Every structure is written in structure tokens, then in C-alpha cells.
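Participant: The listed protein sequences derive, respectively, from chains A and B.
According to numbering that gives the first Met the number 0, the stretch in the first sequence is residues 0 to 109, in order.
According to numbering that gives the first Met the number 0, the stretch in the second sequence is residues 0 to 150, in order.
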Amino acid sequence: MAHERTDLMQGTLELLILNTLARESMHGYGIVQRIHEAAEELLKVEDGSLYPALYRMEERGWIKSEWGLSENNRRAKFYRLTSTGKRKLEAERANWSRISKAITKVLQAT
Amino acid sequence: MRIALPNLLVHPNRKKTAFEVEEELQFHIEMLERTYAQQGMSDARAKAAALQRFGNLERFKKQCVDIRRRNSLFRRVLKISSILIALTGLAIQTLSSDYRVARIGGTLIMIAVSGRLLLYVRGLSPWSFLPRTNRTFLTDTPDVGARLRDS
Numbered sequence: 000m001a002h003e004r005t006d007l008m009q010g011t012l013e014l015l016i017l018n019t020l021a022r023e024s025m026h027g028y029g030i031v032q033r034i035h036e037a038a039e040e041l042l043k044v045e046d047g048s049l050y051p052a053l054y055r056m057e058e059r060g061w062i063k064s065e066w067g068l069s070e071n072n073r074r075a076k077f078y079r080l081t082s083t084g085k086r087k088l089e090a091e092r093a094n095w096s097r098i099s100k101a102i103t104k105v106l107q108a109t
Numbered sequence: 000m001r002i003a004l005p006n007l008l009v010h011p012n013r014k015k016t017a018f019e020v021e022e023e024l025q026f027h028i029e030m031l032e033r034t035y036a037q038q039g040m041s042d043a044r045a046k047a048a049a050l051q052r053f054g055n056l057e058r059f060k061k062q063c064v065d066i067r068r069r070n071s072l073f074r075r076v077l078k079i080s081s082i083l084i085a086l087t088g089l090a091i092q093t094l095s096s097d098y099r100v101a102r103i104g105g106t107l108i109m110i111a112v113s114g115r116l117l118l119y120v121r122g123l124s125p126w127s128f129l130p131r132t133n134r135t136f137l138t139d140t141p142d143v144g145a146r147l148r149d150s
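#1: Using the beta-carbon count (16 or more within 10 Å), is GLN107 (chain A) buried or exposed?
#2: On a CA-only basis, which of B:LEU118, B:ILE82, B:ALA49 is nearest LEU107 (chain B)? Give me that one, please.
#3: In this structure, how does DSSP classify ARG13 (chain B) when only helix, strand and coil are distinguished?
#4: Please list the partners that GLN38 (chain B) has in chain A, where partner means a Cβ-to-Cβ separation under 7 Å.
#5: Does any residue of chain B bring its CB to less than 8 Å from the CB of LYS85 (chain A)?
#6: Please classify GLU57 (chain A): does DSSP put it in a helix, a strand, or coil?
#7: When you compare the CB of SER24 (chain A) with every CB in chain B, is at least one pair closer than 8 Å?
#8: Counting contacts by CB-CB distance shorter than 8 Å, is GLU36 (chain A) in contact with chain B?
#9: Counting only Cβ pairs nearer than 7 Å, list the residues of chain A close to LEU56 (chain B).
#10: With 8 Å set as the bound, which would you pick, yes or no: does the beta-carbon of ILE54 (chain A) sit closer than that to a beta-carbon of chain B?
#11: Determine, using beta carbons only, whether LYS60 (chain B) and LEU31 (chain B) come nearer to each other than 8 Å.
#12: Hey, how far is the Cα of GLU58 (chain A) from the Cα of THR81 (chain A)?
#13: Would you mind working out which of B:LEU89, B:ALA49, B:PHE26, B:ARG74 sits nearest ALA165 (chain B), comparing C-alpha positions?
#14: Can you check whether the C-beta of LYS76 (chain A) is within less than 8 Å of a C-beta belonging to chain B?
#15: Can you check whether the C-beta of LEU118 (chain B) is within less than 8 Å of a C-beta belonging to chain A?
#16: By DSSP, does MET40 (chain B) sit in helix, in strand, or in coil?
#17: So, do the stretch 80-99 of chain A and the stretch 15-24 of chain A have three or more beta carbon pairs nearer to each other than 8 Å?
#18: Compute the distance between the beta-carbons of LEU42 (chain A) and GLU91 (chain A), then report whether it is under 8 Å.
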């Protein structure tokens, strides 16, 4: 069955990345795969758009990167959440919850 | 000498950054290719599908290098130096009773403010004052997309 794929809302990619990295450190490809799996391929995410987001998040101190070896012994850059990133994730989760509740209420009211 | 000095200042970090970004993005594309090949696609189709799914490689590569550059050690040192120069200028201007010495303070503040403005204005990074021949770091790096398309 073909699913309709939805564009990601502005700013939500960062939340998805933070959430994915909350479990374990991962390389960029792993992050995108995890997001696609969790969203059951319903979200339209260009894989490459992940990287500018990762670099911006690292610049802000939410994540940290280091080179390591991938599952197939290739050199890959792994990202992990910092303590600032963990706090940001909690704040963003709460924010997302508020926004989605508010939008649902508006949609139900009209 | 005109070329050697800018090379010394610019190339090591910028080239390293560009190569690292390239390596990271290339890894991603190769992993996609492997996945598609395992799903039964031919090598050529797997490459094409990987590039399509990745999106505009050159644009993402440039964005990543720009973000990394924005936060480079050299730029941070320049920012901190401009703050220190401004504070020194302010202290001289405030504490000095001699008009000529106070003017030195004012000049220092002007230099610091101008430096900060130049750092903030997009496209007017310190690198933009260097000869253009030395700013080809993105074209120096191997083009993954072109390589994959050509092969």
C-alpha cells in the first residue's frame, strides 16, 4: 500500500535528531534510518538535509561528534547527545506537546 | 610570498574541514548504495537512487563547511580579540585625562567595532580579503556526486 509522505515541519528535524540520539550515539546514516523506520517512511526527509542540521546542533553544543568505525569497519562520524542537548530535548518535547495539543484543539473547534 | 602567506593562513583548516565533510557525506551515500544493491538493484540504479534520496550533495556540503567555518578557532579568536580591544579602548578613554591618550582609546573602540561588523556581515569574512585563487577549497575536493555519476 502506497503511503502519502508528509514534509517535515520547520524545526522538527532537530527534535527528531535529538530524540534519536537520546538512546545511543550514531552516525548520520544511522540517524536517518532510525527516523525513517520510526516514522514508517511517512515523513519526507531528504537524507542530506540532516547534515547541516547536525553541524548547527553541534555548534550550539547540543551534540558532540567523534570519528569512529562503523558496523562495516568504515571510518564514520558518530554523534552523541551532550547534557545541554538532553535538556534541550526535554524542553523541545514539552514544546511539541503543547503545540500539537493547541493545534488539535483549534482543528476540533472549527 | 603574496600567495604563500594566505595559503599558510587559510588552507590547512579549510581543506581539512572540506575533506571531513566530504568523507562523512560520501559514507552516507555509499551506505545508501549498499542498501539499494542488497534490495536487488543494479549498481548503476543503486547509485542513482542513493544520490536522489540524498538530495543536493553540493548544497549540503557547502552548508556544512560554512557552518563549521563560522565557528572556526580563528574566527573565535578574532571575536574575543575585538572585545578585548574594545574594553581596553573604553578603559583608556574613561581613565585618561589627557585628550591625546583618550583619542587612542576612541580609535581602539572604532577598530574593534569595525572588526566585529566585518565578521558579522555575510560574505565579508576575513577570508574574503585574500586573493581569490586561494579560495577554491570546495572545488579542490573530490566531487562525490560527479564521481558517482561519471562512473
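Ideal placement from N, C-alpha and C gives every residue a C-beta, glycine not left out.
Keep in mind that this is a model prediction, so the values were computed, not measured.
Facilitator: Per the coordinate set shown:
#1: Reading the first sequence from its first residue, position 108 is the one you call residue 107 (chain A). By the 16-neighbour rule on beta-carbons within 10 angstroms, GLN107 (chain A) is exposed.
#2: Numbered from 1 along the second sequence, position 108 holds the residue referred to as residue 107 (chain B). Answer by Cα proximity: B:ILE82.
#3: Sequence index remark: in the second sequence, residue 13 (chain B) carries index 14 (1-based). In the three-state scheme derived from DSSP, where H, G and I count as helix and E and B as strand, ARG13 (chain B) is classed as helix.
#4: The count along the second sequence starts at 1 and reaches residue 38 (chain B) at position 39. Chain A residues near GLN38 (chain B): none, gap ~14 Å exceeds 7 Å.
#5: Position 86 of the first sequence, counted from the start, is the residue given in the question as residue 85 (chain A). Answer no: the Cβ-Cβ gap between LYS85 (chain A) and chain B never drops below 8 Å.
#6: Position 58 of the first sequence, counted from the first residue, corresponds to residue 57 (chain A). Here GLU57 (chain A) sits in helix by DSSP.
#7: Against the first sequence, residue 24 (chain A) aligns to sequence position 25. Cβ-Cβ to chain B under 8 Å: no for SER24 (chain A).
#8: Position 37 of the first sequence, counting from 1, holds the residue named residue 36 (chain A). Cβ-Cβ to chain B under 8 Å: no for GLU36 (chain A).
#9: For the purposes of this step, residue 56 (chain B) is taken as the residue at position 57 of the second sequence. Going along chain A in sequence order, the residues near LEU56 (chain B) (Cβ under 7 Å) are GLY47.
#10: One-based indexing of the first sequence puts residue 54 (chain A) at position 55. Going by the sequence as given, residue 54 (chain A) is Tyr instead of Ile. TYR54 (chain A) belongs to the set of residues whose beta carbon lies under 8 Å from a beta carbon in chain B.
#11: Along the second sequence, one-based indexing puts residue 60 (chain B) at 61. Along the second sequence, one-based indexing puts residue 31 (chain B) at 32. No.
#12: For the purposes of this step, residue 58 (chain A) is identified with residue 59 of the first sequence, where counting begins at 1. For the purposes of this step, residue 81 (chain A) is identified with residue 82 of the first sequence, where counting begins at 1. Taking C-alpha positions only, GLU58 (chain A) is separated from THR81 (chain A) by approximately 12 Å.
#13: Missing from the structure shown is residue 165 (chain B); chain B here goes from 0 to 150 and no further.
#14: Within the first sequence, the letter at position 77 stands for residue 76 (chain A). Yes, because at least one Cβ of chain B sits closer than 8 Å to the Cβ of LYS76 (chain A).
#15: Position 119 of the second sequence holds residue 118 (chain B). By this cut-off, LEU118 (chain B) is not an interface position.
#16: The residue labelled residue 40 (chain B) in the question sits at position 41 within the second sequence. The answer is coil: DSSP assigns MET40 (chain B) none of H, G, I, E or B.
#17: Flag = yes, the stretch 80-99 of chain A and the stretch 15-24 of chain A touch.
#18: The count along the first sequence starts at 1 and reaches residue 42 (chain A) at position 43. The count along the first sequence starts at 1 and reaches residue 91 (chain A) at position 92. Taking a C-beta distance under 8 Å as the contact criterion, LEU42 (chain A) and GLU91 (chain A) do not qualify as a contact pair.
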